[in-house]
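Asker: Just so you know, the sequence shown maps onto residues 230 to 481 in this note's numbering.
Virtual Cβ for every residue (Gly too), placed ideally from N, Cα, C.
Please read all numbers here as calculations on a predicted model, not as lab measurements.
Let me give you the structure first, and then I'll get to my questions.
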Amino acid sequence: MRNYDLETLKREAHAGMIYKYRALNEDTYNTLEENHLWFAAPSEFNDAFDCQIPFASDSSLASIADYFVRSGYDRSHIEKILRTQSTPLEDLLRKHHSQPNFADDFVRVCCFSKRNDIKLMWSHYADKYKGICMGFDAAKDPKTFAGLPVEYVDGAEFPRLDIFSDEYALQRLIFTKSSDWKHEEEVRVCNVREGDKQLYKFKPESLTHIIFGSKVSKENIDRVLEIVKGRDVKLQKIQLAPPSLELKVLDF
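Structure, rendered in structure tokens:
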């Protein structure tokens, strides 16, 4: 698995185009009109195993103390609590960090793909080719779209994470998925949780492409065109290309 030190993040951050497949519904029209995206809690993901990597349960008291010191607490105070706790604090903490929705306490996530021509993505996330794929240029809004590619691993290779001794455990939890999903070529953008906030603004100029599915109705096309009228957005469409069974992205 990758490290999450600053140099690694700089090197592996995805700075090119990222794509969001969407059905054409009121939420999507609001995204286009208001220039905001929904950042989901990890428990809302459609993969039941997403962000469910098990945490290790063999941390020492010293590791737990180090964990809190990194979070800004005084070491002597933490060590005193650990020594005098009637119910072992390490057991309480491990129980908390093993809860299924542990990551919900910390982050909100928006998921994208590196590609705009993935057949399963058009089928699953864009209403069976009746939706759209929005293309964002991350370089035009790096603060909003500072994302990392997901790392895919086989089930047998899933790590056990130690939240106390591994300062990057939460990042590994969020950016690791089963190889069953590797066809998505996913890029994830994360924000630290801010209460109930889940809608985050993006710069309008970062939306550079809208690709229509091959089955979008004229009514829905017209509504999208009205919303983006006057913007510098390249309009394209997906075309099925038999007999190769490939998808082509053509200018609209």
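#1: So what's Ser473 in DSSP terms, helix, strand or just coil?
#2: Counting beta carbon pairs with one atom in the stretch 332-342 and one in the stretch 408-424, are three or more of them shorter than 8 Å?
#3: Looking at Val478 and Asp346, is the spacing between their C-beta atoms short of 8 Å?
#4: Taking the Cβ atom as the reference point for each residue, do Val382 and Ser408 lie within a distance shorter than 8 Å?
#5: Could you give the first and the last residue of the continuous alpha helix (DSSP H) run that contains Tyr354?
#6: Among residues of its own chain, excluding the 5 on either side of Ala252, which ones have a beta-carbon nearer than 8 Å to its beta-carbon?
#7: Considering only their Cβ atoms, is the gap separating Met246 from Phe365 smaller than 8 Å?
#8: Do Glu434 and Lys369 come within 8 Å of each other at the CB atom, strictly closer than that value?
#9: Report the rounded CA-to-CA distance for Leu321 versus Ala269, giving the unit in angstroms.
#10: Taking only the alpha-carbon atoms, compute the straight-line gap between Asp333 and Ser473 and give it to the nearest angstrom.
#11: Enumerate in chain order the residues of its own chain whose CB-to-CB distance from Ser305 is below 6 Å, with the five nearest sequence positions on each side excluded.
#12: Taking the CB atoms as reference points, tell me whether Phe481 and Leu464 lie closer together than 8 Å.
Answerer: Reading from the atomic positions:
#1: coil
#2: yes
#3: yes
#4: yes
#5: Lys348 to Tyr354
#6: Tyr354, Ala355, Asp356, Lys359 and Gly360
#7: yes
#8: yes
#9: For Leu321, the pLDDT reaches just 49, beneath the cut-off of 50, and the residue's location in the model is therefore unreliable, although a value from the coordinates is still provided. Approximately 27 Å, taken between the alpha carbons.
#10: 42 Å
#11: none
#12: yes
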